[in-house]
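Chemist: Protein sequences appear in the order of chains Y and W.
Count along the first sequence from 1, then add 214; that gives the number in my numbering.
Count along the second sequence from 1, then add 214; that gives the number in my numbering.
Just so it is clear, CB atoms sit at the ideal spot from N, CA and C, and this is done for glycine as well.
These figures come from a predicted structure and were not determined experimentally.
Encoded as structure tokens, here's the structure I'll be asking about.
Number of protein chains: 2
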Amino acid sequence: MGRPISIEISTHKKKKPLENERGFGIHFSDHMFIMDYSEGQGWHDPRIIPYQPISLDPAAKVFHYGQTIFEGLKAYKTGDGRVLLFRPQKNMERLNRSNDRLGVPHIDEEIALEALKALIAVDQDWIPEESGHSLYIRPYVIATQPALGVDASTDYKFMIIMSPVGNYYPEGVNPVKIYVENEYVRAVRGGIGEAKTAGNYAASLKAQEIAKEKGYSQVLWLDGVHRKYVEEVGSMNVFFKINGTVYTPALSGSILNGITRSSIIQLLQEWNVPVEERVISIEELFAAAKSGELEEAFGTGTAAVISPIGELNWRDEKAVIGGGVTGEISSKLYVTLTGIQRGLVPDPFGWMVEVEI
Amino acid sequence: MGRPISIEISTHKKKKPLENERGFGIHFSDHMFIMDYSEGQGWHDPRIIPYQPISLDPAAKVFHYGQTIFEGLKAYKTGDGRVLLFRPQKNMERLNRSNDRLGVPHIDEEIALEALKALIAVDQDWIPEESGHSLYIRPYVIATQPALGVDASTDYKFMIIMSPVGNYYPEGVNPVKIYVENEYVRAVRGGIGEAKTAGNYAASLKAQEIAKEKGYSQVLWLDGVHRKYVEEVGSMNVFFKINGTVYTPALSGSILNGITRSSIIQLLQEWNVPVEERVISIEELFAAAKSGELEEAFGTGTAAVISPIGELNWRDEKAVIGGGVTGEISSKLYVTLTGIQRGLVPDPFGWMVEVEI
Ligand SMILES: Cc1ncc(COP(=O)(O)O)c(C=O)c1O
Ligand SMILES: Cc1ncc(COP(=O)(O)O)c(C=O)c1O
């Protein structure tokens, strides 16, 4: 890459969380990656340093105008000690699509990937080995220029931090109850919903909190225009099996283009399971639930991989899906994808990328 | 307030920018205010300290999920050396409305106002005296909990920073050219458009950049549902005088409830100028421009106070407003509001709050 990554090894190693203490994104590994951007100079000074607080001017644009984007992916340790990443190039491509939408300068995808691998190599003993556990990787960019004018920053930091994460399903994969959100909207076409950027998550906090209070684990977002078409569930894409065909909302401009989502579409096609991307209305889903044709529903994303949905609540009407138990396709997708990710089953699409450690 | 504000005076005074160097939000005064929040303990440790970088964990939620809100107001110095604030309670009320939407704990409005006044008193020699100049004040809250789960933070910082700002109109108030945005959307009903939070500004950067490249100074946002109704212009509310009546978009849920906006409505009512809040379509505006009935248009906000609009471009059709010169009502509002703010004309509504210095 012309600009080698400098590495400063931490002299004070942190205590690693025990298997049952991991949680999600609470503990962080010993090192982090940083690279700076300034106008004129471009991206420079890529470095791995001990995990440490960062110091920013109180006027840094990230605090005021949310010019920030991020990614999320995982490193897995296989039974024979290899380290695998799931389609990391896709994350780096999406990183730059998000950058485009937010007016953040592009990052060389090769350099970002190299940085990520170098950081993993340094902190390889942070990758959990237990089944269902992994090292969650968070690349992100923040705008650092200390100036209150509402325009794109002249300065940025690209960082990568990593967190050992526990099993999303400590008691086995179980369907969750989902609250269909009628009042709040996550994103609208023309907005920033397609980008992985802070504002979308900020917009989701309130609805998520209310749903939790009502006993639901996530929110199903409807589109902001008609308040009728299904978009995403929490921070996951969503799929529905109706009468033998699997449907997922088409990428409309307000939905994140999930890497798990596109992998699932590929797997289903490979298995000759009919799969379609199209608009799906909430009425259609409730009608299909009533007639017994709504066979399965599940969310998809890096964190949970597959999250089966057992119940939808829409304006206090409830639809129980698949008798509230995990469906066949959901199970098969979960087993296959997590199997590929841990190197347990063949990887027909060449998705996994090995990290040299 | 029970918890006195501790004050640490800076031993190293910064050089103040000269009159023509001020710009907007580039230079910051010698001190800042901070107060911390943690779950269980609530808001605590209010303090004024020398302006300095803040140190945050790289996993702090503000970097990832944009849980942040802010305010903006100004302190003015009068000819006889008094320091005035324009309706600061309104900012603190809005701060808490934004907090509500973003799941941020409320801040005692009295304490926030007291903090603001104390900070101004400490840095009073940073308030410019020249006409059109002022001290811009930025209260804001950021989520600081170092955790990647998408939910409301357990920890926050409330800060206030201040910046001496120059005349928005160094060459006199002149109408600007505005680009009506067709592709990008700033906010939608049900989203966070009503709150003063980072995500809305992040969503605006790209459109703003494109408009600038095309030679326009700001974007006029249309609603995200019909792409037809006028919402705001850049970071300002917007008014149109059509056939003797002044119209401004009704607060629909996606528009910021501007303090300048509501003050202007009050002033117009006082002057017996017909004023109405309602939906306004872009077609209506272009038809009124064609028939000669669109007499004036202007943006309103803390930064510019009044920003007259001389031209709108919508899908490459241009509407010139008021012959491209500043209209009578725009001028009168500008002179009156800025006069009240600087203590030059009577303050019939008791808007101004004096800071004891
Ligand atoms: C809003 C949103 N939708 C969907 C997804 C799923 O994307 P991926 O499968 O790439 O993790 C994510 C991220 O996990 C997300 O944040
Ligand atoms: C999006 C937006 N609209 C309108 C305004 C005007 O509000 P105010 O008059 O309270 O400054 C602002 C802030 O200046 C803003 O950021």
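Within 10 angstroms of the Cβ of Asp337(Y), are there 16 or more other Cβ atoms? Answer buried if so, exposed if not.
Modeler: It is buried - the Cβ of Asp337(Y) has at least 16 other Cβ atoms within 10 Å.
Chemist: Below 8 Å, how does it come out for the segment 435 to 454 of chain Y and the segment 292 to 307 of chain W: are there three or more Cβ pairs, yes or no?
Modeler: Too few Cβ pairs lie closer than 8 Å, so no.
Chemist: Flag this pair as touching only if the segment 248 to 267 of chain W and the segment 291 to 300 of chain W have three or more C-beta atom pairs under 8 Å; answer yes or no.
Modeler: Segments in contact, no.
Chemist: For Asn486(Y), which of Leu551(Y), Val519(Y), Trp435(Y), Gly458(Y) has the nearest alpha-carbon?
Modeler: It is Gly458(Y) whose Cα lies nearest to the Cα of Asn486(Y).
Chemist: Could you say which of Glu570(Y), Asn234(Y), Pro560(Y), Ser418(Y) lies nearest to Glu385(Y) if we only look at CA atoms?
Modeler: Minimum Cα distance to Glu385(Y) is reached at Asn234(Y).
Chemist: Is there contact here, the segment 488 to 504 of chain W with the segment 563 to 570 of chain W, by at least three beta-carbon pairs under 8 Å?
Modeler: Segments in contact, no.
Chemist: Suppose you measure from the CA of Ser468(Y) to the CA of Pro319(Y); what does that come to, to the nearest Å?
Modeler: Spanning the two alpha carbons is a distance of roughly 22 Å.
Chemist: Apart from the five residues just before and just after Tyr430(Y), which ones in its own chain have a Cβ nearer than 7 Å to its Cβ?
Modeler: Lys391, Ile392, Tyr393, Asn527, listed in sequence order.
Chemist: Report the residue from Ile424(W), Ile219(W), Ser367(W) whose alpha carbon sits nearest the alpha carbon of Glu324(W).
Modeler: Residue Ile219(W) is the option with its Cα nearest to Glu324(W).
Chemist: Just confirm the distance between the C-beta atoms of Gly407(Y) and Gly513(Y), as a whole number of angstroms; I'd bet it's less than 8 Å.
Modeler: 16 Å between Cβ atoms; not a contact.
Chemist: DSSP state of Pro302(Y), grouped into three classes?
Modeler: Note: Pro302(Y) maps to helix in three-state DSSP.
Chemist: Have a look at the DSSP bridge pairing and note the partners of Leu287(Y).
Modeler: Per DSSP, Ile351(Y).
Chemist: Less than 7 Å between the beta carbons of Leu417(W) and Ile341(W), yes or no?
Modeler: Per the sequence presented here, residue 417(W) reads as Ala, with Leu not at that position. Cβ atoms of Ala417(W) and Ile341(W): not closer than 7 Å.
Chemist: Regarding Thr474(W) and ligand 2, is the C-beta to nearest heavy atom distance less than 6 Å?
Modeler: Yes, since a heavy atom of ligand 2 falls inside the 6 Å radius drawn around the Cβ of Thr474(W).
Chemist: Within the 7 Å Cβ cut-off, does Ile375(W) reach chain Y?
Modeler: Interface residue, yes.
Chemist: Buried or exposed, going by whether 16 or more other CB atoms sit within 10 Å of the CB of Asp530(Y)?
Modeler: Result: exposed.
Chemist: Assuming Asn414(Y) is part of the beta strand (DSSP E), what are its boundary residues?
Modeler: Unbroken run through Asn414(Y) is the alpha helix (DSSP H), 412 to 416; no beta strand (DSSP E).
Chemist: Determine the direct distance from the alpha carbon of Asn313(Y) to that of Glu572(W), and round the result to whole angstroms.
Modeler: Nothing about residue 572(W) can be read from this structure; chain W reaches only from 215 to 571.
Chemist: Just checking: is the beta-carbon of Asp244(W) within a distance shorter than 7 Å of some beta-carbon in chain Y?
Modeler: It does not; no Cβ of chain Y falls within 7 Å.
Chemist: Taking 7 Å as the CB-CB cut-off, is Gln359(Y) touching chain W?
Modeler: It does not; no Cβ of chain W falls within 7 Å.
Chemist: Give the DSSP bridge partners of Leu508(Y), in chain order.
Modeler: In DSSP, Leu508(Y) forms a bridge with Ile456(Y).
Chemist: Taking only beta-carbon positions, decide if Glu423(W) is within less than 7 Å of chain Y.
Modeler: Output row for Glu423(W): interface = yes.
Chemist: Answer with buried or exposed for Ile520(Y), where buried requires no fewer than 16 other C-beta atoms within 10 angstroms of its C-beta.
Modeler: By the neighbour-count rule (16 or more Cβ atoms within 10 Å), Ile520(Y) is buried.
Chemist: Is the CB-CB distance between Tyr382(Y) and Tyr279(W) below 7 Å?
Modeler: In this structure, Tyr279(W) does not lie closer than 7 Å to Tyr382(Y) by Cβ.
Chemist: For Phe372(Y), return the contacting residues in chain W, with the cut-off set at a CB-CB distance below 8 Å.
Modeler: None at all; the shortest Cβ gap to chain W is about 12 Å.
Chemist: Could you tell me whether the Cβ of Met215(Y) comes closer than 7 Å to any Cβ of chain W?
Modeler: At Met215(Y), the pLDDT of 44 sits below 50, so the modelled position is not reliable; the number obtained from the coordinates is stated separately. Cβ-Cβ to chain W under 7 Å: no for Met215(Y).
Chemist: Considering just the uninterrupted stretch of the beta strand (DSSP E) at Ile478(W), what are its terminal residues?
Modeler: Run containing Ile478(W): none in the beta strand (DSSP E); it sits in the alpha helix (DSSP H), 473 to 484.
Chemist: If you draw a straight line from the C-alpha of Asp561(Y) to the C-alpha of Val489(Y), how long is it?
Modeler: Between Asp561(Y) and Val489(Y), the C-alpha separation is close to 21 Å.
Chemist: Near Gly553(Y), what residues of its chain come up, given a Cβ to Cβ distance below 8 Å and the 5 sequence neighbours on each side ignored?
Modeler: Closer than 8 Å at Cβ, skipping near neighbours: Val559.
Chemist: Counting only Cβ pairs nearer than 9 Å, list the residues of chain Y close to Gly164(W).
Modeler: Chain W is shown only over 215 to 571; residue 164(W) falls outside these bounds and no answer can be derived.
Chemist: Cutting at 6 Å between CB atoms, please list the residues of its own chain near Arg236(Y), excluding the five before and the five after it.
Modeler: Within the same chain, Arg236(Y) has close Cβ partners Pro378, Val379, Gly380.
Chemist: Would you say Thr552(Y) touches ligand 1, meaning its beta carbon is less than 6 Å from a heavy atom?
Modeler: Not under cutoff, so the answer is no.
Chemist: Beta carbons nearer than 8 Å to chain Y: which residues of the segment 464 to 495 of chain W have them?
Modeler: Hits within the stretch: zero.
Chemist: Mind listing the chain Y neighbours of Arg315(W)? Cutoff is C-beta to C-beta under 8 Å, in chain order.
Modeler: Result: Lys420.
Chemist: May I ask you to list, following chain order, the residues of the segment 389 to 411 of chain W that have a beta carbon less than 8 Å from some beta carbon of chain Y?
Modeler: Correct list: Glu397, Tyr398, Val399, Arg400, Ala401, Val402, Arg403, Gly404, Gly405, Ile406, Thr411.
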